[in-house]
Amino acid sequence: MSDIRSNGTHPMDHFLKADRIPHIWCPGCGLGTVLGCMIKSIHKSGFPTDKVAVVSGIGCTGRGAGYVHFDSFHTTHGRAIPFATGLKLANPELKVIVFSGDGDLTAIGGNHFIHAARRNMDLTIFCVNNFNYGMTGGQLAPTTPVRARTTTSPYGNFEPPFSIPRLAAASGAVYVARWTSLHVRRLERSMVEAINKPGFSVVEVLAPCPTLFGAMNKLRSGLEQLNYYRKNCVIEHGADPNEVDIELGAPIIVGKFVDIDKPSYLQLRGEAYATPVLGAGGDSGGARDQERA
Amino acid sequence: MKLWRRPLDEGRLRLPHGEIRVIAERCKGCGFCVEYCPRGVLELSAEFNSKGYHLPIPRRIDLCTTCGLCEALCPEFAINCVSVTVEVHG
Amino acid sequence: MSSNGALVGDFFMSGDIACAEGAISAGCRFFAGYPITPATEIAERMAERMPEVGGTFIQMEDEIASMVAILGASWGGAKAMTATSGPGFSLMMENLGLGIMTETPCVVVNVQRAGPSTGLPTMVAQGDMMQARWGTHGSYETIALSPNSPQELFYLTVRAFNLSERYRVPVIILSDEVVGHMTEKVTIPGPEKLELWPRRKPLVPPEAYRPYDPDPDLVPPMANAGDGYRMHVTGLTHDERGYPTMTVEAQQRLVTRLVDKIRANCDDIIQVEEDGIEDADVVVCAYGITARVALLPIQLAREEGLRVGLLRLVTVWPFPEKRLREIAKKVKAFVVPELNAGQMVLEVERCAAGDARVVLVPHMGGGLHDPGDVLDAIRREAR
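Those protein sequences? They're chains A, B and C, same order as listed. Using our numbering, the letters of the first sequence correspond one by one to residues 1 to 293. Using our numbering, the letters of the second sequence correspond one by one to residues 1001 to 1090. Using our numbering, the letters of the third sequence correspond one by one to residues 2001 to 2383.
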């Protein structure tokens, strides 16, 4: 192994819980790449890193929270977003980032996803989409493309999948982008924009799952999936989020689709309560109670 | 490096040149760095680490410009490149 | 109103309102909830009052989100509460477990109504008692309190926040529709007169902090997000560093501590109210609104010359085992009226262990016991 010298550390170790590396993700899995991009983007965003909190749900992507050197919360399946909401509202100084998977955020977590988007909650969502439920062995997800095989769609999926950009944009997100784990530089830049933008930002990141989705769909290694992205991805900033659905074998539109300005939840709340809301006096509670009784 | 004329800033010209560092026990042999290095600097080694994965080794380290793509793409935080500047003379 | 926005003085208040004000007096500054009869008034009151006191009210999209949001808020440093009834309580179960596993202080109010399922939304029952103890999966101990008046609901809400901060566990208030909706005098003392137990913060710097390394009382000090401790908090079984650890040893250590944390501190946690136990032949063991209903049959029985005592459970979980075992050795029988098909009676039976008879007076809810039924049971057992 000539010309390779390493003293056993990597420049990113300071930003990771390095005593937990190597992580549990499979060879060829894209999650490590995306995690690295997220960490770099957090540092580039300029936020004091003591005030950054990463919240995740259950799944392979959800394990990401355990590897970062920030306050991190690995919550229950689908519930990262409401947890993040409570965290942010209790301490608005925090920069709260949700790092979770497509199944966690759009299946069991779907309701929370759309409501947080509706409220334009001050959260940044990095949704890693590997088109299946990896942690449990490769089952169907709401993002699994039609005809794809998974363990719970062994004859090929016939359900139409979600398009995460469409879901996010339709629900009210102010920033919506899609990249893949191959587009590391653009992804990082997009993540910085998403972090710095008030309101609800969503970056969908397609990432390889070679062990499960890939193995069942003739993309048997992470490298083959990256090559698939290289071959099929087309960058179209400003594309209509209603028209970026993903189909097997068809071009995949990536880019920044939505970047608009709307008052965020905290801004709306600040305006609503700008006039001090005071009770009528010492026994206002009782008076109000008697009025209603 | 061969130059067809002598540059005015010869002697002051510094080109980035990279060296690769690999943490052998972290690598899972995914091959992303080998495939996506823009200058084809890397190849997979014949030797393997204790988990049986073949590691990236430089086949043409002179071509490395420390673009950092291997480091950015690596899912394992296993590889990084370090810039070593080389003074150039005509 | 005091300087921090809490009310002070005498009020004519419903239980639900007293609960909300108790939370505010205790320092609660985050409420996430979802409308459900008969707990909706708590959310409505919080919607009015949280902005007045500089807190946050948010109506979440469902009860699951509400439970999770209060966990998040707690880690953000706020005292946080939610309120619901049976159907919502069922939805909250999974994340109650998350709160227990991550040792997150918070308060969950269940204003019980008749079930199962949609049941009688506007009518009383006490059918969720066992659910509060066993409703989420796994092995753990919970703390649950049972008020019998708006005044007590005020005080028990303050106590719930105290217990949750001291023991780093979600504390459940098992109110019921009658206590929640009845209106009585509630005296709210000024904040300087209330004893509030603060969150125990770490005394070591971040490099030395292990988030789940307990103090001698088995409770670890708790840092908040943003304090610079960069901790990892997970619902997976974890070690003292908070790192997911998939071993038998880690499971044994962690779960044993979660259980022992409560059990070892029972004397501090448990409260009961007793009347006339010393020379009783029969003890009526009751809680919540039923304990008030029982006062009349007890009084009538005493007037007939029967020696009847009342053991009122203020803390229902952990169950006042020790006291019950003591009493069982000295009395002939326990009469247990409950607005359910028999839940706390199982605990009474378990603890009496044959030393005394245990008689259930069940009522499926929708209304309160006929005092005559309780009196009949007392008479039978006193013979």
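Glycine included, each C-beta is placed from N, C-alpha and C at the ideal position.
Can you tell me whether residue i is buried or exposed, with buried defined as 16 or more other CB within 10 angstroms of its CB?
i                 : result
SER2025 (chain C) : buried
PHE2011 (chain C) : buried
THR9 (chain A)    : exposed
ALA293 (chain A)  : Confidence at ALA293 (chain A) is low in this model, with a pLDDT of 29, below 50, so its placement is unreliable and no value can be given for it.
ALA280 (chain A)  : Bear in mind that a pLDDT of 33 at ALA280 (chain A), under 50, signals an unreliable position, so the number given afterwards is only what the model happens to contain. Exposed, since its Cβ has fewer than 16 Cβ neighbours within 10 Å.
THR180 (chain A)  : buried
SER2175 (chain C) : buried
GLN2252 (chain C) : exposed
PRO1075 (chain B) : buried
ALA1046 (chain B) : exposed
GLU2094 (chain C) : buried
ILE164 (chain A)  : buried
MET121 (chain A)  : buried
LYS17 (chain A)   : buried
PHE1032 (chain B) : buried
ASP2217 (chain C) : exposed
Taking the continuous beta strand (DSSP E) assigned at residue i, which residues delimit it?
i                 : result
SER242 (chain A)  : First, the residue type needs correcting, since residue 242 (chain A) is Asn and not Ser in the sequence shown. Element bounds for ASN242 (chain A): n/a, residue is neither H nor E.
GLN2251 (chain C) : Looking at the DSSP string, GLN2251 (chain C) is not in any beta strand (DSSP E); the run it does join, the alpha helix (DSSP H), is 2248-2263.
ASN227 (chain A)  : ASN227 (chain A) -> not in any beta strand (DSSP E); alpha helix (DSSP H) instead, spanning 222-232.
TYR2243 (chain C) : Run containing TYR2243 (chain C): none; DSSP gives neither H nor E here.
PRO2121 (chain C) : 2120-2124
PRO175 (chain A)  : The amino acid at residue 175 (chain A) is misidentified as Pro; the sequence shows Tyr. That run of the beta strand (DSSP E) goes 175-180.
VAL2272 (chain C) : 2272-2275
THR124 (chain A)  : 124-129
Less than 8 Å separating the beta-carbons of residue i and residue j?
i                 : j                 : result
GLY2309 (chain C) : VAL2345 (chain C) : no
VAL2314 (chain C) : GLU2273 (chain C) : yes
ALA194 (chain A)  : THR124 (chain A)  : yes
PRO2051 (chain C) : ALA2043 (chain C) : no
LYS44 (chain A)   : VAL192 (chain A)  : yes
LEU248 (chain A)  : ALA148 (chain A)  : yes
ALA2083 (chain C) : GLY2033 (chain C) : yes
PHE2161 (chain C) : GLY2027 (chain C) : yes
VAL2124 (chain C) : LEU2368 (chain C) : yes
PRO2206 (chain C) : GLY2228 (chain C) : yes
PHE2334 (chain C) : VAL2358 (chain C) : yes
GLY2142 (chain C) : ALA2023 (chain C) : Reading off the sequence shown, one finds Thr at residue 2142 (chain C), where the question assumed Gly. Cβ atoms of THR2142 (chain C) and ALA2023 (chain C): not closer than 8 Å.
ALA169 (chain A)  : PRO241 (chain A)  : yes
ALA1147 (chain B) : VAL184 (chain A)  : This structure leaves residue 1147 (chain B) out entirely; chain B is present only between 1001 and 1090.
LEU2311 (chain C) : ILE2270 (chain C) : no
VAL2259 (chain C) : TYR2167 (chain C) : no
SER56 (chain A)   : GLY64 (chain A)   : yes
HIS1054 (chain B) : LEU1044 (chain B) : yes
TYR175 (chain A)  : VAL258 (chain A)  : yes
Please list, in chain order, the chain A residues whose beta carbon lies closer than 7 Å to that of residue i.
i                 : result
PRO1075 (chain B) : TRP25, CYS29, GLY30, LEU31, GLY32 and THR33
PRO2244 (chain C) : GLY66
GLU1035 (chain B) : LEU223
Give the residues of chain C in contact with residue i, contact being defined as C-beta atoms less than 8 Å apart.
i                : result
ALA107 (chain A) : None at all; the shortest Cβ gap to chain C is about 14 Å.
PHE70 (chain A)  : ARG2230
By the criterion of Cβ-Cβ separation under 7 Å, what are the contact partners of residue i in chain C?
i                : result
ALA84 (chain A)  : GLY2072
ASN111 (chain A) : GLU2061 and ASP2062
First and last residue of the alpha helix (DSSP H) that includes residue i?
i                 : result
ILE39 (chain A)   : 31-45
LEU16 (chain A)   : Unbroken run through LEU16 (chain A): none, as it is neither H nor E.
ARG2312 (chain C) : First-last for ARG2312 (chain C): 2308-2313, but that is the beta strand (DSSP E), not the alpha helix (DSSP H).
PHE2011 (chain C) : Run containing PHE2011 (chain C): none in the alpha helix (DSSP H); it sits in the beta strand (DSSP E), 2009-2014.
HIS2181 (chain C) : 2177-2181
ASN196 (chain A)  : 184-196
LYS88 (chain A)   : 80-90
HIS23 (chain A)   : Premise fails: HIS23 (chain A) is in no alpha helix (DSSP H) and is neither H nor E.
Along chain B, in chain order, which residues have C-beta atoms closer than 8 Å to that of residue i?
i                : result
HIS74 (chain A)  : Correct list: empty, because the minimum Cβ distance to chain B is about 19 Å.
VAL184 (chain A) : LEU1069, ALA1072 and LEU1073
Quick one: which chain A residues come within Cβ less than 8 Å of residue i?
i                 : result
THR2056 (chain C) : LEU89 and ALA90
PHE2030 (chain C) : GLY86, LEU89 and ALA90
Name the chain B residues whose beta carbon is nearer than 7 Å to that of residue i?
i               : result
MET12 (chain A) : PHE1077
Listing by chain order, which chain B residues have their CB less than 9 Å from the CB of residue i?
i               : result
LEU16 (chain A) : PHE1077
Within 8 Å of chain A by C-beta, residues of the stretch 2219-2235 of chain C in sequence order: ASN2224, ALA2225, GLY2226, ASP2227, GLY2228, TYR2229, ARG2230, MET2231, HIS2232, VAL2233, THR2234 and GLY2235
Any C-beta of chain A within less than 9 Å: which residues of the stretch 2083-2097 of chain C qualify? GLU2094, ASN2095 and GLY2097
Interface residues of the stretch 2285-2317 of chain C facing chain A [CB-CB below 9 Å]: none
Positions along the stretch 1006-1031 of chain B whose CB lies within less than 8 Å of some CB in chain A: GLU1019, ILE1020, ARG1021, VAL1022, ILE1023, ALA1024, GLU1025, ARG1026, LYS1028, GLY1029, CYS1030 and GLY1031
Using a Cβ-Cβ cutoff of 7 Å, what residues of the stretch 216-232 of chain A are near chain B? List them in chain order. GLY222, LEU223 and LEU226
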